[in-house]
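In the numbering used here, the protein residues as written are 3 to 328. Where a beta carbon is used, it is the ideal one built from N, C-alpha and C, also for glycine. A short write-up of the structure that comes next.
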């Protein structure tokens, strides 16, 4: 029914279609028409309503096209993405990618969605995922390495994404917060979640999930998040092409992944430290064992955060939340 209403609105090329005509054409009540209009709006369509004139279509969602994305990836010379699974709405791209991985999907299988109903970040937190405005994607990696190297892949992904977004949204000053959030002026614009499955201490596969707030407006964020979250469009003052951003990310990721496989973690560590916005600042670290105040000074060779305590001792931190000290 939504498709038929959309078809009738599109036929009028921006002119109004009366509710009476829609009701008669579809043989449903005007109340039912209104409900279907609301569903179209929630899917990203912009529809203007007038009690006197009816409804007219004034904007369509910016939908990601697998064909267009494939072409852009090819133009950038990337080959990691082998297949793209595209969805209008999913509970979580992570869940779909995990099922595909269990069914034997190869490395480079990419899952993208226009909307997530249960998108998640670290520690089970919900990720705001309005339709057609962000990037919600997960892809499968099958690296041949021990399980304890998995955190390094999270840091590599953060570096690749930060470099890609700095290029796409120049001159915004985008930086990395330990371990995998991207910030602009202290506000979060992107999160990364890597989930791995191992067998006999070796990785079977890794699902890399990425959420980016690209073209969200302030109205898309719950009021309680406005002080801590933002989008590229809000900060830049104009919308960005989401497929360009995805292609740019995979260009960066493929280059760094090749370096990592050849030279190890050291080059990635240097890049991460250069892009970090939380190093050398006193920080309250929230650990499973409690809280402590320390100053992050870098990463060690395993990818743990090195934190210098007030007594001068340096300890490795593998998992924590960071809150500014004070």
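Residue i at chain B interface by Cβ criterion, 8 Å
i, result
"residue 277", "Given the protein chain composition of this structure (a single chain), no chain B is represented."
Short Cβ contact (8 Å threshold) for residue i with residue j
i, j, result
"residue 48", "residue 60", "yes"
"residue 244", "residue 66", "yes"
"residue 320", "residue 153", "yes"
"residue 250", "residue 166", "yes"
"residue 161", "residue 301", "no"
"residue 58", "residue 102", "no"
"residue 296", "residue 283", "no"
"residue 3", "residue 23", "no"
"residue 99", "residue 248", "no"
"residue 110", "residue 83", "yes"
"residue 25", "residue 35", "yes"
Rounded Cβ spacing between residue i and residue j (contact assumed at less than 8 Å)
i, j, result
"residue 90", "residue 70", "Residue 90 to residue 70, Cβ: 16 Å. No contact."
"residue 74", "residue 246", "7 Å"
"residue 56", "residue 18", "5 Å"
"residue 252", "residue 159", "Actually they do not touch by this definition, with Cβ atoms about 11 Å apart."
"residue 278", "residue 177", "6 Å"
"residue 214", "residue 137", "4 Å"
"residue 308", "residue 299", "5 Å"
"residue 184", "residue 218", "That pair is no contact at about 14 Å."
"residue 96", "residue 197", "6 Å"
"residue 179", "residue 280", "5 Å"
"residue 265", "residue 186", "Wrong, their Cβ atoms sit about 30 Å apart, outside the cutoff."
"residue 68", "residue 86", "4 Å"
Residue nearest to residue i in terms of C-alpha spacing, selected from the options
i, options, result
"residue 8", "63, 217, 180, 271", "63"
"residue 88", "46, 140, 316, 82", "140"
"residue 193", "20, 282, 216, 109", "216"
"residue 224", "4, 131, 68", "131"
"residue 149", "96, 15, 206, 219", "206"
"residue 16", "32, 40, 24, 50", "50"
"residue 267", "236, 294, 303, 235", "303"
"residue 188", "52, 227, 263, 14", "227"
"residue 195", "235, 239, 94, 291", "94"
"residue 263", "40, 144, 276, 242", "144"
"residue 147", "201, 105, 133, 104", "201"
DSSP bridge partner residues for residue i (one or two, in chain order)
i, result
"residue 195", "211"
"residue 189", "186"
"residue 179", "183"
"residue 91", "117"
"residue 57", "19, 51"
"residue 292", "289"
"residue 86", "112"
"residue 297", "310"
"residue 138", "115, 213"
"residue 132", "DSSP lists no partner for residue 132."
"residue 278", "178"
"residue 316", "310"
"residue 324", "287"
"residue 204", "148, 201"
Classification of residue i by the beta-carbon crowding that lies within 10 angstroms, buried from 16 upward
i, result
"residue 125", "Bear in mind that the predicted position of residue 125 carries a pLDDT of just 47, short of 50, making it too unreliable to give a figure here."
"residue 212", "buried"
"residue 156", "buried"
"residue 326", "exposed"
"residue 274", "buried"
"residue 119", "exposed"
"residue 316", "exposed"
"residue 305", "buried"
"residue 54", "exposed"
"residue 260", "exposed"
"residue 21", "buried"
"residue 230", "exposed"
"residue 80", "buried"
"residue 222", "buried"
"residue 181", "buried"
"residue 324", "buried"
"residue 232", "buried"
"residue 32", "exposed"
"residue 13", "exposed"
"residue 322", "buried"
"residue 271", "buried"
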